[in-house]
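J.: Just passing along the structure, written as structure tokens.
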Amino acid sequence: MDGNSALLLCKAMHIIGVVVWFAGLFYLGRLFVYHREARDKGEPDRAVITQQLQTMERRLYYAITWPGMVVTLSFGGALTWWYGFPWWLQIKLGCVALLVVYHFQCGALRNRLATDATTWTSRGFRMWNEVPTVLLVASVFLAVMKESTDVIAVGLGLTLVGAAIVAIIRRMPG
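The opening position of the sequence shown corresponds to residue 3 in the numbering used here, with each subsequent residue numbered one higher.
Structure representation (structure tokens):
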């Protein structure tokens, strides 16, 4: 395999890993909202629903998000061999580091929900579920606009997207 084919393979595997990882995190966040809302239901519905959600959350976390993260980080790390560490990649790696922290926090939240030990509201979980959206938007803008030297425009665009998401969520009921 020549160098160009290896680069394309790494890019493809990195993108596949990103899609799997984000899909899992987006769905996991939504399951957290449903799990929290199930606490307000009466028995026996509450017990049945929360048990099902716990099973879904565990399977999603370990069978989808973990492999997605490993593939993303492995092939993304390999891509740095070709690109080095330009300014845009340094910022993108900061977003990835935040996403890894988010991933592990989701694991902790999953455990707290399983033991009914969280005080978060459904609105709090909705806000939490938007964190990967902001990080995804930031990462895509950085990867696509890497040739742009207008760091201020990229930063302003990302800030506006984040502010719009927060404003929309604040207007949501519950």
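Think of the CB as a built atom: it goes at the ideal place given N, C-alpha and C, for glycine as much as any other residue.
Owing to the predicted nature of the structure, the values given are computational and were not obtained by experimental measurement.
Counting pairs of beta carbons, one from the stretch 16–32 and one from the stretch 47–55, are three or more of them closer than 8 Å?
T.: no
J.: Can you confirm whether the stretch 75–87 touches the stretch 33–45 when touching is taken to mean that 3 or more C-beta pairs between the two stretches lie within less than 8 Å?
T.: no
J.: Whole angstroms are fine: how far does the CA of A8 sit from the CA of Y104?
T.: The residue you call residue 104 lines up with position 102 of the sequence shown. The residue you call residue 8 lines up with position 6 of the sequence shown. The C-alpha of A8 is placed about 30 Å away from the C-alpha of Y104.
J.: Exposed or buried, E149, counting other C-beta atoms within 10 Å across all chains shown (16 or more means buried)?
T.: Locating residue 149 in the sequence shown gives position 147, counting from the first residue. So E149 ends up on the exposed side.
J.: Closest to Q54 by C-alpha separation, out of G159, L33, V139, would be which residue?
T.: As a first step, residue 54 is located in the sequence shown; it is residue number 52 there, counting from the start. It is L33 whose Cα lies nearest to the Cα of Q54.
J.: What number of angstroms, rounded off, separates the C-alpha of M58 from the C-alpha of D42?
T.: Here residue 58 corresponds to residue number 56 of the sequence shown, with the count starting at 1. Here residue 42 corresponds to residue number 40 of the sequence shown, with the count starting at 1. Taking the straight line joining both Cα atoms gives about 19 Å.
J.: When we look at the beta-carbon of F143 and count the other beta-carbons within 10 Å, is it buried (16 or more) or exposed?
T.: Taking the sequence shown and counting its residues from 1, the one referred to as residue 143 is at position 141. Answer is buried; the Cβ neighbour count reaches 16.
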